[in-house]
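Heads up, our numbering is the position in the sequence shown plus 1122, with the first residue counted as 1.
Beta carbons are placed, not taken as given, at the ideal position from N, Cα and C, and that holds for glycine.
A quick note: this is a predicted structure, and the numbers were derived from the prediction, not measured.
Report on the following structure.
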Amino acid sequence: MEIFLNSSYPFLIFLASLAIAGMLSYLLYWKFQQDSPLSIIQVRLLAGLRFLSVFLIAVLLLKLAVQHIKHQTQQPELIIGVDNSASLTDFNQEVNQTVASLQEELKSFTPKILYFEEPFQNTDSISFNGKRSDYSGFIEKVTNKYGTADIGALVLLGDGIFNAGIDPVYASEKLNFPIYTIGLGDTLAHTDAAIQNVSVNSTAFLDTNFPVEIDLNFTQAAGEIVTLVIKKGDKTLYSRAIRILSENYFFTESVLLKPENTGIAHYTIQIDEIGGEQNLANNNYEFSVNVISDKQKILLLAHGAHPDLGAISSALSPITKYETELITGYPSEGLDFSEYDLVIVHQLPDNDPRSINLLEQLTKSRRPCLFILGKNSVVSRFNNLKTGIEIRTNNSFEQTTPTINTQFSHFKLDFESLKALQGFPPLLSPFGNVQADSWVEPLASQTIQNVETSRPLIAFGKKEGRKLGFILGEGIWRWRIHSYLNDRSHHLFDDLIQKTVNYLILKLNENNFNLYWENEYLEDQPVTIQAELFNESFELVNESDVEIDLNDQNGKNYHAMFDKSGDKYMLNLGILPPGEYAFKAQTQLGTSEYTEEGHFVVSKIQQELTNTQADFQVLNQIAAKTGGSFILPNEVESLIEKLNATNQLSTRKLEQQVYQELLSMKWVFFIILFLLALEWFLRKYWGIY
């Protein structure tokens, strides 16, 4: 045990408390040494009691703390993870028997049974209704729930087929606990005709051809002839006979389709059944596209060439409804900003006076705008634009990283994933105090040398009906590269840019009533819709009720009320069956009535039954990467013996340093009370009052 003094008090005060306690005791009892019926021993005993009680009171006031080591034991967690996706439906009995055997034989470790798909926690029986096999996502959920340090081992039961998340072999590289994999399913190839993948953009344009690329995979069907058909409702749009040339035949068909109406267009792809097929679920594929009348134009207006511009263009390129144009410098004929739906301004205004004139024209056009500042920006000129953000700076710059605001409300984001940006390379931002108008809401604030500040780094808002966005720093191109290095995907960065542009480019409804929803939801996603209602002063209000009527493709009607959330409205319709839906929302504010109509589609998740041939190589690699081993269900006994013998699951002895202030220890008060009571009793007993 070690006793130490709170750092806010110098050690001299501790010595002074000793002196004060001694002085008070001496002044109180020195007279008894000269003329008293008490003996010297009695006087010194009373003085000592008073000294100790006064000293302990002073010690409590000084906030002395005690440090001691606390010893405890910990049983590492044994996790049994089960792939309960639909591809293992035919092996449910084998899976249940294997899990029951592991649970019984390893009950001394109190194993936790967890599933890939909901419910994540253990239930009485396994339901094989999972729509995806996301091995990497499951591993992440386990480590987030228990922490890598508390897991002794993970036993993973599955077929090795993953169709969501990143490569599980890569995801398991940095784990500090072994994964033991048990291979389930059928590794043999059977006769099969499968629509393996369909590549199509989510948006198409009215009366304009859009491409559909269909990957077909045929197994053990050489010489057969099948027909590929694409339908819209009962109408056949495309048909072609395909001869299968080998036992393992892969074929890609590219088709152009032309939509004839705006809205959600639903299509079905079919291929003929081959005799002897066991899996017919992959002979059909459904997809939907959102058909719009024209494209939305985005202008990238920049000081000069910069990798940020390339990163933004790459992020927007998959969205076919956006058409981007890059202009650097100052066109001699000027610009007609009314031709564009959104303007992204990069490092302007600069030192050239023409940049001020150009941006003043942009302000007058009232086009939505995203400002990105950098080292070529002249901040004083930017301040003169009165955008809602003012930076007081001496034109110096500093490196900043983002701290994500999880309460951001302008559009929906995966905030937990976005927190990864906090470890990404810093942006180069203007150094100085940032003042933002009340309507500016930060998505991320600036962190400078690991110190969080209230200065916005990324922010959005609406100024007098005009949407504005701000990124107060250059270098976002590094974020896109780092996003790929982190999880082999640009999704994190691209999603941020796409949703930023989607928010800014979306026109405000003139009738003051706006709804926000997705054109497509997957069948395992809750359908959510957000609403905003503005009064005549363009202030958000939500005193009125908002109702919605929803109709599915079969004519079934759903009626619901929006929930009031802050100054907006939210509606969670939950999980809806796959299909097309149309809705009409309505509300009343004063004497004005407002309505908004829309449509969306709930799409089937079709990956799970596209391929049902087990891939034990993936399971082997996961086990090898983590120091575990791969087995088959009939070898479970050997795994049980190995787990019972491993040190990974042995009880661990932990030492923890515990700091406790004396002020929080009740026994110290009882000691002080005892000392004072004993002194009082002895004084009374010996006749001293």
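For the alpha helix (DSSP H) containing residue i, name the first residue and the last one.
{"i": "leucine 1580", "result": "Looking at the sequence provided, one finds isoleucine at residue 1580 rather than leucine. Counting along the chain, isoleucine 1580 falls outside any alpha helix (DSSP H), though it belongs to the beta strand (DSSP E) covering 1573 to 1585."}
{"i": "serine 1605", "result": "1598 to 1609"}
{"i": "leucine 1183", "result": "1162 to 1183"}
{"i": "aspartate 1430", "result": "1429 to 1438"}
{"i": "glycine 1591", "result": "Run containing glycine 1591: none in the alpha helix (DSSP H); it sits in the beta strand (DSSP E), 1588 to 1593."}
Going by CA-CA distance only, name the one from the options that's closest to residue i.
{"i": "histidine 1721", "options": "Leu1278, Ser1477, Val1649, Asn1657", "result": "Val1649"}
{"i": "leucine 1614", "options": "Gln1418, Ala1745, Pro1552, Gln1544", "result": "Gln1544"}
{"i": "glycine 1696", "options": "Leu1672, Asn1657, Gly1677", "result": "Leu1672"}
{"i": "serine 1230", "options": "Tyr1148, Leu1184, Asn1766, Leu1785", "result": "Asn1766"}
{"i": "glutamate 1783", "options": "Gly1144, Leu1183, Arg1172, Leu1174", "result": "Leu1183"}
{"i": "leucine 1637", "options": "Phe1752, Asp1474, Leu1464, Lys1706", "result": "Lys1706"}
{"i": "leucine 1140", "options": "Pro1159, Gln1164, Ala1180", "result": "Ala1180"}
{"i": "asparagine 1555", "options": "Val1668, Gly1252, Arg1577", "result": "Arg1577"}
{"i": "alanine 1736", "options": "Arg1166, Ser1223, Ala1315, Gly1280", "result": "Gly1280"}
{"i": "valine 1623", "options": "Leu1495, Thr1446, Gly1587", "result": "Thr1446"}
{"i": "alanine 1326", "options": "Ala1387, Ser1294, Leu1607, Tyr1151", "result": "Ala1387"}
{"i": "glutamate 1642", "options": "Leu1698, Ala1363, Leu1174, Gln1521", "result": "Leu1698"}
{"i": "aspartate 1617", "options": "Ser1551, Lys1534, Gly1345, Asn1694", "result": "Lys1534"}
{"i": "glutamate 1346", "options": "Asp1314, Leu1359, Glu1375", "result": "Asp1314"}
{"i": "glycine 1587", "options": "Ser1551, Val1562, Glu1759", "result": "Val1562"}
{"i": "proline 1524", "options": "Tyr1606, Lys1621, Ile1570", "result": "Ile1570"}
{"i": "valine 1320", "options": "Glu1408, Gly1355, Leu1741", "result": "Glu1408"}
{"i": "proline 1429", "options": "Leu1626, Arg1602, Ser1415, Ile1810", "result": "Arg1602"}
{"i": "asparagine 1506", "options": "Asp1536, Ser1531, Pro1471", "result": "Pro1471"}
{"i": "tyrosine 1371", "options": "Leu1711, Lys1353, Gln1342, Thr1390", "result": "Gln1342"}
{"i": "leucine 1662", "options": "Ser1487, Lys1585, Val1758", "result": "Lys1585"}
{"i": "isoleucine 1393", "options": "Thr1358, Arg1600, Ile1810, Leu1550", "result": "Thr1358"}
Closer than 6 Å by C-beta to residue i: which residues in its own chain qualify, once you throw out the five before and the five after it? Chain order, please.
{"i": "threonine 1211", "result": "Phe1250"}
{"i": "leucine 1146", "result": "Val1176"}
{"i": "asparagine 1634", "result": "Phe1656"}
{"i": "alanine 1799", "result": "none"}
{"i": "isoleucine 1580", "result": "Leu1565, Ala1566, Ile1593"}
{"i": "asparagine 1694", "result": "Pro1648, Thr1650"}
{"i": "leucine 1540", "result": "Ile1526"}
{"i": "isoleucine 1794", "result": "Ser1175, Leu1178"}
{"i": "proline 1121", "result": "Nothing in the structure corresponds to residue 1121, since the chain is present only between 1123 and 1811."}
Rounded to the nearest angstrom, how far is the Cβ of residue i from that of residue j, given a contact under 8 Å?
{"i": "valine 1351", "j": "valine 1334", "result": "Not confirmed; about 13 Å, so no contact."}
{"i": "tyrosine 1691", "j": "glutamine 1647", "result": "No, tyrosine 1691 and glutamine 1647 are not in contact; Cβ-Cβ is about 20 Å, not under 8 Å."}
{"i": "asparagine 1401", "j": "threonine 1734", "result": "5 Å"}
{"i": "phenylalanine 1553", "j": "threonine 1515", "result": "6 Å"}
{"i": "glutamate 1596", "j": "glycine 1496", "result": "3 Å"}
{"i": "leucine 1338", "j": "phenylalanine 1284", "result": "That pair is no contact at about 21 Å."}
Using the DSSP secondary-structure output, state which residues sit across from residue i in a beta bridge.
{"i": "aspartate 1308", "result": "Gln1735"}
{"i": "lysine 1788", "result": "Note: lysine 1788 sits in no beta bridge, so no partner."}
{"i": "tyrosine 1643", "result": "Val1724"}
{"i": "phenylalanine 1327", "result": "Ile1414"}
{"i": "glutamine 1710", "result": "Glu1715"}
{"i": "serine 1755", "result": "The question names serine, but residue 1755 is proline in the sequence shown. In DSSP, proline 1755 forms no bridge with anything."}
{"i": "phenylalanine 1238", "result": "In the DSSP output, where bridge partners are listed per residue, phenylalanine 1238 has none listed."}
{"i": "arginine 1362", "result": "Leu1350"}
{"i": "threonine 1622", "result": "According to DSSP, which records beta bridges pairwise, threonine 1622 is partnered with nothing at all."}
{"i": "serine 1551", "result": "Glu1520"}
{"i": "isoleucine 1393", "result": "Leu1350"}
{"i": "valine 1556", "result": "Ile1513"}
Just reading off the beta strand (DSSP E) that residue i is part of, what are its end residues?
{"i": "proline 1699", "result": "That residue, proline 1699, is in no beta strand (DSSP E); it is neither H nor E in DSSP."}
{"i": "alanine 1566", "result": "1563 to 1570"}
{"i": "tyrosine 1462", "result": "Neither: tyrosine 1462 is in no beta strand (DSSP E) and is coded neither H nor E."}
{"i": "histidine 1681", "result": "1679 to 1683"}
{"i": "glutamine 1652", "result": "1650 to 1655"}
{"i": "serine 1321", "result": "1314 to 1321"}
{"i": "glycine 1355", "result": "First-last for glycine 1355: undefined, no H or E at that position."}
{"i": "asparagine 1339", "result": "1332 to 1341"}
{"i": "valine 1277", "result": "1273 to 1280"}
{"i": "serine 1376", "result": "1370 to 1379"}
{"i": "phenylalanine 1493", "result": "1491 to 1494"}
{"i": "threonine 1446", "result": "1444 to 1450"}
Keeping to the same chain, check which residues put their C-beta closer than 7 Å to that of residue i; ignore five residues upstream and five downstream.
{"i": "glycine 1749", "result": "Pro1300"}
{"i": "phenylalanine 1242", "result": "No answer about phenylalanine 1242 holds up, because its pLDDT of 48 lies below 50 and its placement is not dependable."}
{"i": "glutamate 1088", "result": "The chain is shown from 1123 up to 1811; residue 1088 falls before or after that span and cannot be answered."}
In chain order, what residues of the same chain have a beta carbon less than 8 Å from the beta carbon of residue i, not counting five sequence neighbours either side?
{"i": "asparagine 1331", "result": "Leu1378, Leu1379, Lys1380"}
{"i": "threonine 1289", "result": "Note that residue 1289 corresponds to aspartate in the displayed sequence, not to threonine. Ser1258, Arg1610."}
Answer with yes or no whether the minimum CB distance from residue i to chain B is below 9 Å.
{"i": "leucine 1495", "result": "Given the protein chain composition of this structure (a single chain), no chain B is represented."}
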